[in-house]
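Asks:
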Amino acid sequence: MRETKEKEAVIPTFKFKELKVYNSTEYLWDNLKRYRQVFDRHATAYVYTELSLFNKRFDIEDWTLRVTLKCFSTDDSGRQELCSLSIEKEVSRFDHLIYVREGWGNQKKGTIWKAGTYCWEAYVDGQRIGSKYFYIIEPDRNGLHDPDAEFDPPARIADKYLKLSSVRLYEGPYDDLSAEDRVYLKEFASQETRYVYLEVEFRNLQPGRDWYLELFTKFHNQARDLKGQVSRLTHVKKGEETIRVAAGWGSATPSLWQQDHYTADIVFLDCLVATIPFTVGDEAQVGTPPVYLPDSPRPVTLAPDEDGNETFEHIMSGLDDLIGLEEVKQQVRDHAVYIRFLQLRQKRGFEMDTGIDVHAVFSGNPGTGKTTVARMMGKLYKKMGLLTSGHTVIADRVDLVGEYIGQTAPKTREVIESARGGVLFIDEAYSLARSNDDGKDFGREVIEILVKEMSNGPGDMAVIVAGYTEEMNRFLDSNTGLKSRFKHYYEFRNFLPQELSLIADYAAKRLGVSFTLEAKARVDETITKAFRSRDRTFGNARYVHDLVEKAKVQMALRIMQKDNTGESLSDEYLSTIELGDVIGIHSLVERARPLIPVNESLLAATLDELDALVGMENIKAQLHELVSLVRYYRQTGQDVLNAFHLHTVLVGNPGTGKTTIARILATLYNALGVLERGHIVETDRQGLVAGYVGQTAEKTAKVIEDAIGGVLFIDEAYALTQNSTGQRGDFGDEAIQTLLKRMEDQRGQFFVCVAGYPENMQSFLKANPGLSSRFDKILRFEDYSPAQLIEIADRMFRQRKAQVSAPARLHLTNYLTFLHKYRDAYFGNARTVRQLVDDVVRRHDLRQAAETGRTKRSSKPRIAKADVEHLKLDTKALSIQRKGIGF
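Residue 887 is where the sequence shown ends in the UniProt record's numbering, and the numbering goes up by one at each step.
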């Protein structure tokens, strides 16, 4: 009994919820405080902490809580305890939440607290249960960056630290803090909006010291109900002239924002910095929202001055700072100089025979900087007066093409209008022009609208189309007027290894990390290896950024395993990627193979099924050898999967049993325990290839996922190397590339059987160097002999419980011998026999119905010679007979 009470005594009576900090005891709704972490020294008397706990004795019993709250100051020399407050609180069983609030300071503001970093900590029974940092900041009056900024009025204490320069709004996914792909809006579409972000820029009025900026963004609806709130804590470092912060609130799915008028309030140090109104309605509208500043009844527009004070050379220097792309840089510079020359002639009164061309084609592999250069082109055109805003709208086929008739045109025009004044960048533009004979493809409607827009539209827009070089050539040839609209062609070549190495340094700096010498050497080695084995899907800069980000993840895992708090670690240690982190990217644990015993009964039944097939003696012998080999390897403990691939090529004419053998192979592998599931997924070109690059890889990957643990059977596989017009190298190549990679990466997890006609399969295996090396087993299916054909016919008649008279069988034998003698490449073998048997049985049934008036078929029909006499042994009638029985 005593042991039970002791166990009950150690059961926790609470669960830690949160530790917050505030300095104002003003009463707010629901007893909330003005929680924050940054305080101005001259406006702070007391700093309070609020400890909240979940009462685990709720509705059970009353109890006593004893808490110690300590405040520390922290600096380079260590921690110093400022106060230790012990609190004893009676907790009622009716309280679901427990709050303990205490503070420390002095009644006179600015006397106790000094600028620095502080921390409140909460202890129960000597054990720390929570901590919260806060920061005291102090303006340097002598170091004010803006001499006109007001200093004295305490109501505007925020004005001592910063001055608002620009405010813009954009829509994006969760935690979208990168500056790429942003379309700035003043109105949002309710059906599409996920998170509404504010991108704000301030002038740092305290550049002479480090300080912390805590910015609150509060979203209200038209009734001034609080929709949501988000805070951003930013360490402003000494010397920074500009402070940029992006903060948003919303939902991962576009269902949270209803049609209404909203405002976003920006708050710093309990001061309202600005109010930004925006609307959520039916459609999004590009633009800069109005901004209401405190004590100002009229709104102002605060747009970033991106290039207003820059010269032409300053703008071009931004392009020159890009790594690599030397040919593209020179082309852009030459193009810009020529535009300036044309503008000079215009000022002098020269007549212009044509307008200034701004539309361009960007061709090249992924990650080669096409999007980046397109954005810079927008800025350049704006600076030269060719565009009014210079923003960039990125779109692809999904954004432009509708799903049904009548939807494409308005969808395309909406995107065009959103890009008006800037650049419309269409990525993978070739996807808009699929095969020439695809009359139902709405992508061609988009092309026609673009051609019309570039010909005689309102203008004030540059269209840049981008994609793989070969596909872009086909895209430009798809419409007679398309090629003439583009005068500028830029080829973005793959980055060289030394350039990719510099990009890795840039990516590391952007992610706030650095490499040790050994780690950087391994990164460069990995990049060089990837470069040497690259194909046209190689990601270039995109690949390098992903590599560095993965190394950062490995660094985080290593650090947190050693110290899950990280409080005692230096900033340098928290930011340094070591050799092991880079190695850890590829050191994946090999998946253990399941130990599945041989299913003897299934194996015997499958081999009996194989042996019962007509003919195929060479196939049967090879499969029996395969079974013996697998058994031997398993019995001797050798690796079956790495001994031979088991991927198989089935070569033969129609109707020779390729699909049947593929199914038997899947069952054999299942019985031998080689495959986990042993099922078969049957597909062809249509099941793997989509209309444009990117979708094909996804479609093929999905089919492969369905085949994991079994056999993927691709019938008429040679069709992957031929498109509908008979040309080589269409999107089927992408399916092959995806298939080859998965066959290598997931070796032993599934097997591939490809089947087709002999000549076509030979061309198929030569179409890609990796194909023949992946398939180490080829099964060749010969045409059936006349004797085998009649044996197959006898079996099919028996399956239908039909008896064949001797005269009828003799005629069938002669006819099948005749067909075999005069067979061509389209002869269907067993498939032909099946169609012939179906035709004969049908004629028997028709004859019986005409002679006796029967409505029911006999259980054992007897095939007479009259049922087969229509099969003529005449070469002149052969084509007609073939057509009649469905050849």
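Backbone N, C-alpha and C define an ideal beta-carbon position, used for all residues, glycine too.
What does the Cβ neighbour count give for Phe750, buried or exposed, with the cut at 16 atoms within 10 Å?
Replies: Sequence index remark: in the sequence shown, residue 750 carries index 750 (1-based). Phe750 is buried by the Cβ-count criterion.
Asks: Using 10 angstroms around the beta-carbon of Gln803, count the other beta-carbons present and answer buried if the total reaches 16, otherwise exposed.
Replies: As a first step, residue 803 is located in the sequence shown; it is residue number 803 there, counting from the start. By the 10 Å Cβ count, Gln803 comes out exposed.
Asks: Applying the 10 Å Cβ sphere with the 16-neighbour rule, what's the burial state of Glu869?
Replies: Counting from one through the sequence shown, the residue named residue 869 turns up at place 869. The residue is exposed, with fewer than 16 neighbouring Cβ atoms inside 10 Å.
Asks: Quick one, are the C-beta atoms of Val513 and Ile447 less than 8 angstroms apart?
Replies: By one-based count along the sequence shown, residue 513 stands at place 513. By one-based count along the sequence shown, residue 447 stands at place 447. Not closer than 8 angstroms, so no.
Asks: Could you give the DSSP three-state label for Asn204: helix, strand or coil?
Replies: Counting from 1 along the sequence shown, the entry for residue 204 is found at position 204. Looking at Asn204 - three-state DSSP - the assignment turns out to be strand.
Asks: Whole angstroms are fine: how far does the CA of His844 sit from the CA of Leu672?
Replies: Your numbering for residue 672 matches position 672 in the sequence shown. Your numbering for residue 844 matches position 844 in the sequence shown. Going by the C-alpha atoms only, they are around 45 angstroms apart.
Asks: With respect to the beta strand (DSSP E) encompassing Thr74, which residues constitute its N-terminal and C-terminal limits?
Replies: The residue labelled residue 74 in the question sits at position 74 within the sequence shown. Per DSSP, Thr74 belongs to the beta strand (DSSP E) from 63-75.
Asks: Find the nearest neighbour of Ala806 within the set Ile790, Lys821, Leu819, Phe818, judged by alpha-carbon distance.
Replies: Position 806 of the sequence shown, counted from the start, is the residue given in the question as residue 806. The option with the nearest alpha carbon to Ala806 is Ile790.
Asks: Using DSSP with H/G/I as helix, E/B as strand and the rest coil, what is Arg224?
Replies: Residue mapping note: residue 224 aligns to position 224 of the sequence shown, counting from 1. Arg224: coil per DSSP, three-state reduction.
Asks: What residue range does the alpha helix (DSSP H) around Pro807 cover?
Replies: As a working note, residue 807 is residue 807 in the sequence shown. Where Pro807 is concerned, the enclosing alpha helix (DSSP H) stretches over 806-821.
Asks: Whose C-beta lies closer than 7 angstroms to the C-beta of Leu579 among residues of the same chain, with five residues either side of it excluded?
Replies: Along the sequence shown, one-based indexing puts residue 579 at 579. Thr516, Glu518, Ala519, Arg522.
Asks: Taking residue 896 as part of the alpha helix (DSSP H), name the residues at either end of that continuous run.
Replies: A query on residue 896 cannot be resolved here, the shown segment of the chain reaching from 1 to 887 and no further.
Asks: What do you get for Glu744, buried or exposed, if any count of 16 or more other CB atoms within 10 angstroms of its CB means buried?
Replies: Within the sequence shown, the letter at position 744 stands for residue 744. Looking at its Cβ environment, which holds fewer than 16 other Cβ atoms inside 10 Å, Glu744 is exposed.
Asks: Could you give the C-beta distance for Phe495 and Ile503, rounded to a whole number, given that I count them as a contact under 8 angstroms?
Replies: To locate residue 495, count along the sequence shown from 1; it is residue 495. To locate residue 503, count along the sequence shown from 1; it is residue 503. Indeed they touch by this definition, with Cβ atoms about 7 angstroms apart.
Asks: Just checking, does the region 32-51 make contact with the region 109-118 on the three C-beta pairs under 8 angstroms criterion?
Replies: Yes, they touch.
Asks: Going by alpha carbons, who is nearest to Cys71 out of Val451, Thr656, His488, Gln80?
Replies: In the sequence shown, residue 71 corresponds to position 71, counting from 1. Cα-wise, what sits closest to Cys71 is Gln80.
Asks: Near Lys17, which residues of its chain fall below 6 angstroms by C-beta distance, leaving aside the five closest residues on each side in sequence?
Replies: The count along the sequence shown starts at 1 and reaches residue 17 at position 17. Counting only Cβ-Cβ distances below 6 angstroms, and skipping sequence neighbours, we find Ser52, Leu53, Phe54.
Asks: What residues in its chain sit with their C-beta under 6 angstroms from that of Ala247, if we drop five residues either side in the sequence?
Replies: For the purposes of this step, residue 247 is taken as residue 247 along the sequence shown, with counting starting at 1. Same-chain partners within the cutoff: Leu198, Thr217, Val230, Arg232.
Asks: Under 8 angstroms, with one C-beta from each stretch per pair, do the region 240-258 and the region 195-209 reach the 3-pair mark?
Replies: Yes, they touch.
Asks: Determine the direct distance from the alpha carbon of Lys702 to that of Tyr118, and round the result to whole angstroms.
Replies: Counting from 1 along the sequence shown, the entry for residue 118 is found at position 118. Counting from 1 along the sequence shown, the entry for residue 702 is found at position 702. The straight-line gap from Cα to Cα measures roughly 53 angstroms.
Asks: Going by the beta-carbon positions, is the gap between Ile704 and Arg742 smaller than 8 angstroms?
Replies: The residue given as residue 704 occupies position 704 in the sequence shown. The residue given as residue 742 occupies position 742 in the sequence shown. It is a contact, given that the beta carbons lie within the stated cut-off.
Asks: Tell me which same chain residues have a C-beta within less than 7 angstroms of the C-beta of Tyr46, skipping the five on either side of it?
Replies: Position 46 of the sequence shown, counted from the start, is the residue given in the question as residue 46. Taken in chain order, the residues that qualify are Asn23, Gly103, Trp104, Gly105.
Asks: Skipping 5 residues on each side, what residues in its chain have a beta carbon closer than 8 angstroms to that of Gln788?
Replies: Residue mapping note: residue 788 aligns to position 788 of the sequence shown, counting from 1. Excluding residues within five positions, the ones whose Cβ falls inside 8 angstroms are Val614, Gly615.
Asks: At the level of alpha carbons, what is the spacing between Leu626 and Pro786?
Replies: In the sequence shown, residue 626 corresponds to position 626, counting from 1. In the sequence shown, residue 786 corresponds to position 786, counting from 1. Each residue's Cα considered, the two are about 29 angstroms apart.
Asks: Taking only runs of the beta strand (DSSP E) that begin and end inside the UniProt domain "AAA+ ATPase" (356-496), which ones reach a length of at least 3 residues, in chain order?
Replies: DSSP runs (the beta strand (DSSP E)) wholly in the UniProt domain "AAA+ ATPase" (356-496): 360-364, 392-395, 423-426, 462-467, 488-492.
Asks: With 16 as the cutoff for other CB atoms within 10 Å, does Val553 come out buried or exposed?
Replies: For the purposes of this step, residue 553 is taken as residue 553 along the sequence shown, with counting starting at 1. The residue is exposed, with fewer than 16 neighbouring Cβ atoms inside 10 Å.
Asks: Would a check of beta-carbon distances place Ile585 closer than 8 angstroms to chain D?
Replies: Annotation note: the requested chain D is absent from the structure, which comprises a single protein chain.
Asks: Within a Cβ cutoff of 6 angstroms, which residues of the same chain sit near Met761, ignoring the five residues on either side of it in sequence?
Replies: The count along the sequence shown starts at 1 and reaches residue 761 at position 761. Once the five neighbours on either side are set aside, the close Cβ partners of Met761 are Val651, Tyr718.
Asks: Which residue wins for smallest C-alpha separation from Arg474, given the options Arg847, Phe731, Ser73?
Replies: Here residue 474 corresponds to residue number 474 of the sequence shown, with the count starting at 1. Considering only alpha carbons, the answer is Phe731.
Asks: Once the 5 residues before and after Ile339 are set aside, which same chain residues still bring their CB inside 8 angstroms of it?
Replies: The residue given as residue 339 occupies position 339 in the sequence shown. These residues qualify, in order along the chain: Ile356, Met384, Leu386.
Asks: Report the rounded CA-to-CA distance for Leu19 versus Ile87, giving the unit in angstroms.
Replies: Numbered from its first residue, the sequence shown carries residue 19 at position 19. Numbered from its first residue, the sequence shown carries residue 87 at position 87. Each residue's alpha carbon lies about 15 angstroms from the other.
Asks: Does the region 209-223 come close enough to the region 255-268 to have 3 or more Cβ pairs within less than 8 angstroms?
Replies: With a cut-off of 8 angstroms, the region 255-268 and the region 209-223 count as touching, because enough Cβ pairs lie within range.
Asks: Taking 8 angstroms as the threshold, find out whether the region 527-536 comes into contact with the region 553-562 through three or more Cβ pairs.
Replies: The answer is no - the region 553-562 does not touch the region 527-536, with fewer than three Cβ pairs under 8 angstroms.
Asks: Using DSSP bridges, identify the partner residues of Trp249.
Replies: Here residue 249 corresponds to residue number 249 of the sequence shown, with the count starting at 1. Val196.
Asks: Which class does residue 888 belong to by DSSP, given the choice of helix, strand or coil?
Replies: Only positions 1 to 887 of the chain appear in the structure, and residue 888 is not among them; the question remains open.
Asks: Within 10 angstroms of its Cβ, does Arg348 collect 16 or more other Cβ (buried), or is it exposed?
Replies: Taking the sequence shown and counting its residues from 1, the one referred to as residue 348 is at position 348. Under this definition Arg348 is an exposed residue.
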